Amino acid sequence: MAGRDAGTDGMRLLLAEDAEDLGQAIERHLGRGGHVVEWVKSGTDALHLAVSGDFDAVLLDLNLPGESGTRVLESLRARDNPVPVLILTARGEIEDKIRHFQLGADDYLVKPFDLRELDARLAALQRRRFGFSGGKVVVGNLLFDADSRRALVDGRPVELSAREYRLLEYFIVGRGRVLAKEQILDHLVGLDEEIGLNAVELYVSRLRRKLEGASLQIRTIRGLGYVAEEAR
Numbered sequence: 001m002a003g004r005d006a007g008t009d010g011m012r013l014l015l016a017e018d019a020e021d022l023g024q025a026i027e028r029h030l031g032r033g034g035h036v037v038e039w040v041k042s043g044t045d046a047l048h049l050a051v052s053g054d055f056d057a058v059l060l061d062l063n064l065p066g067e068s069g070t071r072v073l074e075s076l077r078a079r080d081n082p083v084p085v086l087i088l089t090a091r092g093e094i095e096d097k098i099r100h101f102q103l104g105a106d107d108y109l110v111k112p113f114d115l116r117e118l119d120a121r122l123a124a125l126q127r128r129r130f131g132f133s134g135g136k137v138v139v140g141n142l143l144f145d146a147d148s149r150r151a152l153v154d155g156r157p158v159e160l161s162a163r164e165y166r167l168l169e170y171f172i173v174g175r176g177r178v179l180a181k182e183q184i185l186d187h188l189v190g191l192d193e194e195i196g197l198n199a200v201e202l203y204v205s206r207l208r209r210k211l212e213g214a215s216l217q218i219r220t221i222r223g224l225g226y227v228a229e230e231a232r
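Take the sequence shown: its position 157, counting from 1, is numbered 157 in the UniProt record's numbering, and each next residue is one higher.
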């Protein structure tokens with residue numbers, strides 16, 4: 001179980017998953033992504049930590065020993081605990097989804113799933129932490145509009161390809177923390193695509209040129225990756 005690092009700008013996540021292989025894979029993947037993960041294997045432990053801890057989101061399996069995931073969710077909402085809850089389960093029936101959304105779940109991901117989809121779901125939850133309002137975020141003179149899928153600098157549209165848009169979104173959601181090239185590559189490509197890490201440098205270079213004059217700066221952290229920050 002990982003402790004929180006005060007210098008980490010990723011999310012602090014509570015993972016409640018009793019399947020050893022899946023739990024290890026998720027913990028390892030999210031850790032590489034800059035997040036801090038507390039992993040427990042029972043509903044009882046999950047509820048105790050969720051109530052007493054300070055988490056940015058809870059990743060909650062439903063079939064847990066002790067308290068079920070459903071019961072954990074019910075208990076959290078009964079306590080008016082607003083922590084975002086992402087359900088991870090093999091139950092894909094619409095009735096189960098509706099029930100848990102009604103109980104207060106924020107999202108619902110059916111197993112088996114691609115870890116990149118988990119990243120995307122968490123990014124959507126994380127937007128709340130970085131000032132998204134109605135799908136928009138402002139960084140100085142840069143307006144990023146997720147609803148219309150466009151970016152403007154000083155009110156002027158920035159022409160972005162689909163992959164450049166995804167890259168900008170990834171930097172904005174994760175701004176302030178170092179993003180490794182491997183993470184960026186995973187975010188940009190699909191399962192049927194094969195491109196190398198050098199392509200990441202190319203896309204970052206293109207995005208920097210298109211954002212010239214913007215308040216969002218993308219810095220290279222040698223040997224680690226990139227960090228996007230508001231220009232001072």
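From the three backbone atoms N, C-alpha and C, an ideal C-beta is built for every residue, glycine too. A quick note: this is a predicted structure, and the numbers were derived from the prediction, not measured.
Rounded distance between the beta-carbons of residue j and residue i, thought under 8 Å
i, j, result
"L86", "L64", "Not confirmed; about 14 Å, so no contact."
"V204", "Y226", "6 Å"
"I221", "A228", "Not confirmed; about 11 Å, so no contact."
"L62", "R91", "6 Å"
"G140", "E67", "Contact doesn't hold; Cβ gap of about 46 Å is too wide."
"R71", "G43", "6 Å"
"R116", "H187", "7 Å"
"L13", "A46", "That pair is no contact at about 12 Å."
"L142", "A214", "5 Å"
Span of the beta strand (DSSP E), counted from its first residue to its last, around residue i
i, result
"K136", "K136 to V139"
"E182", "That residue, E182, is in no beta strand (DSSP E); its alpha helix (DSSP H) goes K181 to L188."
"A57", "A57 to D61"
Buried versus exposed call for residue i [16 or more other C-beta atoms within 10 Å across all chains shown]
i, result
"V51", "exposed"
"I184", "buried"
"D147", "exposed"
"A182", "The question names Ala, but residue 182 in the sequence shown is Glu. E182 is exposed by the Cβ-count criterion."
"D192", "Residue placement at D192 is flagged as unreliable, the pLDDT there being 42, under the threshold of 50; the coordinate-derived value follows with that caveat. With fewer than 16 Cβ atoms within 10 Å of its Cβ, D192 is classed as exposed."
"A151", "buried"
Residues that DSSP places opposite residue i in a beta bridge
i, result
"R121", "None; R121 has no bridge partner."
"V227", "R219"
"F144", "V137 and A151"
"D107", "L86"
Endpoints, alpha helix (DSSP H) assigned at residue i
i, result
"R28", "E20 to R32"
Subject >> Given 8 Å, three or more beta-carbon pairs between the segment 67–76 and the segment 19–37 >> reply: no
Original post:
Any contact of the segment 150–165 with the segment 174–186, i.e. 3+ C-beta pairs under 8 Å?
Top reply: no
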